[in-house]
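Q:
Residue numbers (the numbering used here), protein chains in the order written: chain A, 11 to 236; chain B, 46 to 350.
#1: Contact between the stretch 340-347 of chain B and the stretch 105-113 of chain B is defined here as three or more beta-carbon pairs at a separation below 8 Å; is this criterion met?
#2: Applying the 10 Å Cβ sphere with the 16-neighbour rule, what's the burial state of residue 133 of chain B?
#3: Using a Cβ-Cβ distance cut-off of 7 Å, determine whether residue 178 of chain B contacts chain A.
#4: Compute the distance between the beta-carbons of residue 48 of chain B and residue 243 of chain B, then report whether it is under 7 Å.
#5: Checking contacts by CB at 7 Å: is residue 61 of chain A closer than that to chain B?
#6: If you measure between the beta carbons of residue 120 of chain A and residue 99 of chain A, is that distance less than 7 Å?
#7: Listed in chain order, which residues of the stretch 33-58 of chain A have Cβ atoms closer than 9 Å to some Cβ of chain B?
#8: Just to make sure I have the definition right: I need the residues of chain B whose C-beta is within less than 9 Å of the C-beta of residue 173 of chain A. Which are they?
#9: Taking all protein chains shown into account, decide if residue 231 of chain B is buried (16 or more other Cβ within 10 angstroms of its Cβ) or exposed.
#10: Residue 321 of chain B and residue 254 of chain B - do their beta-carbons sit closer together than 7 Å?
#11: From the DSSP output, in three-state form, read off residue 50 of chain B for me.
#12: Which value, in whole angstroms, describes the spacing of the CA atoms of residue 46 of chain B and residue 259 of chain B?
#13: Am I right that residue 163 of chain B and residue 146 of chain B are in contact with their C-beta atoms under 8 Å? What's the rounded C-beta distance?
#14: Please report the straight-line C-alpha distance between residue 309 of chain B and residue 335 of chain B, rounded to a whole angstrom.
#15: Strictly under 7 Å for the Cβ-Cβ distance: is residue 171 of chain B near chain A by that measure?
#16: Just the Cα atoms here: how many angstroms apart are residue 131 of chain A and residue 151 of chain A?
#17: Whole angstroms is fine: what's the gap from residue 247 of chain B's alpha carbon to residue 99 of chain B's?
#18: In the DSSP assignment, the beta strand (DSSP E) including residue 266 of chain B goes from what residue to what residue?
#19: Which of the three DSSP states is assigned to residue 84 of chain A in this structure?
#20: Measure the alpha-carbon distance for residue 170 of chain A versus residue 231 of chain A and round it to whole angstroms.
#21: Which stretch, first to last residue, makes up the alpha helix (DSSP H) that contains residue 246 of chain B?
#22: Could you pull out every residue in the same chain whose Cβ sits closer than 6 Å to the Cβ of residue 215 of chain A, ignoring the five residues on either side in sequence?
#23: For a cutoff of 7 Å on Cβ pairs, would you count residue 7 of chain A as touching chain B?
#24: Return yes when the Cβ of residue 278 of chain B is within less than 7 Å of the Cβ of residue 228 of chain B, no when it is not.
#25: Got a sec: is the Cβ-Cβ distance from residue 190 of chain B to anything in chain A below 7 Å?
#26: Starting from residue 152 of chain B and walking both ways along the beta strand (DSSP E), at which residues does that stretch end?
#27: Counting only Cβ pairs nearer than 7 Å, list the residues of chain A close to residue 174 of chain B.
#28: At a CB-CB cut-off below 8 Å, which residues of chain A make contact with residue 223 of chain B?
#29: Using DSSP with H/G/I as helix, E/B as strand and the rest coil, what is residue 206 of chain B?
#30: Decide if residue 204 of chain B is buried, meaning its Cβ has at least 16 other Cβ atoms within 10 Å, or exposed.
#31: If we cut at 7 Å on Cβ distances, does residue 227 of chain B have a partner in chain A?
#32: Does residue 218 of chain A get closer than 7 Å to chain B when you measure Cβ to Cβ?
#33: Could you list which residues in chain A have their beta carbon closer than 8 Å to that of residue 4 of chain B, in chain order?
#34: With a CB to CB cut of under 6 Å and the five nearest residues on each side skipped, what residues in its chain are close to residue 55 of chain A?
#35: Starting from the Cα of residue 89 of chain B, find the closest Cα among B:52, B:175, B:129 and B:195 and give me that residue.
#36: Report the residues of the stretch 140-155 of chain A with a CB closer than 7 Å to any CB of chain B, ordered along the chain.
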């Protein structure tokens with residue numbers, strides 16, 4: 011899922027300061043699960059924002075709402091009339107949600123209340139780890155289900171590098187060396203010999219380096235006619 | 046002969062080879078580097094020129110390589126994959142070739158977060174293995190990484206690094222073999238302080254005959270002070286220094302002399318290890334001591350190559 015964390019309150023308050031009617035808009039899917047931008051966090055953020063504005067003598071109202079997914083036109087539409095009443099919407103969705111809103115309803119003013127950090131998963135309460143960069147050409151079959159593009163800080167395809175020590179990355183003791191993990195899993199399955207093959211340079215054109223990507227599935231498109 | 050460099054001739058001669066290392070200036074004054082280069086002129090066959098080592102901005106390794114060529118000295122330019130994509134790297138090595146630079150050492154480079162531009166974007170378009178293979182293919186197959194033909198005669202003597210002290214230990218020899226397969230003709234190792242571990246690694250190297258397929262130059266760094274030793278032990282990625290060595294330095298009255306002695310003893314041990322083709326002396330920030338080390342280790346005068 012998409013992981014995000016709330017921007018500092020000061021930053022959010024500064025973005026909303028010029029406006030009178032403010033909506034803090036939660037998003038109830040990914041960012042709710044990672045406890046950054048769901049209904050509960052939207053309530054909290056709005057409350058903090060009200061206090062902050064009051065202290066700084068900023069007039070106006072701060073209201074709260076939330077949408078199941080800000081990244082789907084249909085779900086935005088359900089709230090559209092209400093959203094149009096606000097001068098500014100502080101979106102607690104990921105960057106995808108913010109952009110879907112402005113793309114779908116260009117008249118809305120939407121600012122991001124979160125910093126979107128990664129695609130990942132929770133390893134324990136309060137800890138989320140990134141494990142996919144969406145490079146568009148998955149290599150997990152070669153690396154025993156551990157992504158070196160994401161989890162090796164140098165995105166090495168022929169690892170581990172000389173900075174790997176005691177299972178940790180040269181970045182520090184709190185970062186696992188992805189290639190040590192790959193090596194160990196290959197060894198456990200008797201496949202370590204596969205590492206002898208030189209993996210060629212990656213074609214990054216399928217990744218973000220090829221520009222923003224559009225995925226088209228002709229087989230599921232609806233022919234809307236002319 | 047592959048590229049006809051002095052380093053290549055030295056390695057092919059079977060003599061015990063000595064290479065040194067120079068760090069380009071962190072600014073516009075190149076005189077100090079030239080002074081250090083001059084100081085080792087008769088003591089090393091070639092000089093590694095580091096490529097923004099520890100991710101700190103310095104004068105370019107290729108430009109400093111050219112400076113050495115102009116002094117009639119032999120550079121080994123380092124190329125790291127951290128700062129340049131495959132377009133830039135291939136372009137730069139052709140430029141280096143045009144300026145008479147014949148030796149290239151391929152490596153990943155320390156992560157950009159260690160340096161003085163920690164907010165920079167790491168490139169890592171290719172990895173060090175792909176770099177070696179890519180440059181070998183430019184030379185031998187006359188093909189760029191993307192498949193286009195390389196015009197003219199491009200040549201380079203290719204080296205790589207290996208760290209016997211990194212983990213997983215059992216994979217380190219596999220990785221050396223992979224680098225040889227990729228195209229490395231010589232290997233410089235990470236600084237050797239843990240000789241026992243290095244000897245175990247060399248045993249595995251010999252078991253597979255890898256020492257006969259490439260020249261292995263053992264990395265040696267003299268410890269200038271207790272602080273320097275502790276700094277390397279705790280802060281430099283990929284370096285292991287046994288506590289016993291730190292204690293020896295700690296107990297010594299003259300730290301510098303003890304640091305030199307340790308380096309010289311290390312070289313003397315390396316000379317005795319079958320399959321070690323030479324030493325690579327990395328005395329960054331203590332370059333002036335290299336001639337003394339070479340002389341006291343019984344490696345002077347250097348043969349003519």
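Glycine included, every Cβ here is placed at the ideal spot set by N, Cα and C.
A: Let's see:
#1: No: fewer than three Cβ pairs fall under 8 Å.
#2: By the neighbour-count rule (16 or more Cβ atoms within 10 Å), residue 133 of chain B is not buried but exposed.
#3: By this cut-off, residue 178 of chain B is an interface position.
#4: Against a cut-off of 7 Å, the Cβ pair of residue 243 of chain B and residue 48 of chain B comes out as no contact.
#5: Not an interface residue.
#6: Yes, Cβ-Cβ distance for residue 120 of chain A and residue 99 of chain A is below 7 Å.
#7: For the stretch 33-58 of chain A, which is checked against every Cβ of chain B, not one residue is closer than 9 Å.
#8: In chain order: 153, 155, 156, 208, 211, 282 and 283.
#9: Buried.
#10: Not closer than 7 Å, so no.
#11: Three-state DSSP puts residue 50 of chain B in coil, outside helix and strand.
#12: Their Cα atoms are separated by approximately 14 Å.
#13: Rounded, the Cβ-Cβ distance is 30 Å, inconsistent with contact.
#14: Between residue 309 of chain B and residue 335 of chain B, the alpha-carbon positions lie close to 10 Å from each other.
#15: By this cut-off, residue 171 of chain B is an interface position.
#16: Their backbone Cα atoms lie some 20 Å apart in a straight line.
#17: For residue 247 of chain B and residue 99 of chain B, the distance between alpha carbons rounds to 27 Å.
#18: Taken as a continuous stretch (DSSP letters only), residue 266 of chain B belongs to no beta strand (DSSP E), as it is neither H nor E.
#19: Correct three-state label for residue 84 of chain A: helix.
#20: Distance from the CA atom of residue 170 of chain A to the CA atom of residue 231 of chain A, rounded to whole angstroms, is 43 Å.
#21: Taken as a continuous stretch (DSSP letters only), the alpha helix (DSSP H) holding residue 246 of chain B covers 240-252.
#22: Taken in chain order, the list of residues that qualify is empty.
#23: Here chain A covers residues 11 to 236 and nothing more, so residue 7 of chain A does not appear.
#24: Contact check for residue 228 of chain B against residue 278 of chain B fails: the beta carbons are separated by 7 Å or more.
#25: So yes, residue 190 of chain B belongs to the interface.
#26: Unbroken beta strand (DSSP E) run through residue 152 of chain B: 148-152.
#27: Those within 7 Å of residue 174 of chain B in chain A are 168 and 208.
#28: Per Cβ cutoff of 8 Å: 168, 205, 206 and 208.
#29: Residue 206 of chain B: strand per DSSP, three-state reduction.
#30: Residue 204 of chain B should be labelled buried.
#31: Judged by the 7 Å Cβ criterion, residue 227 of chain B is in contact with chain A.
#32: Nearest CB-CB separation between residue 218 of chain A and chain B: not below the 7 Å threshold.
#33: This structure cannot settle anything about residue 4 of chain B, because the visible part of chain B is limited to 46 through 350.
#34: Answer for residue 55 of chain A: 34, listed in chain order.
#35: The candidate whose alpha carbon is nearest that of residue 89 of chain B is B:52.
#36: Within the stretch 140-155 of chain A, no residue has a Cβ that lies closer than 7 Å to any Cβ of chain B.
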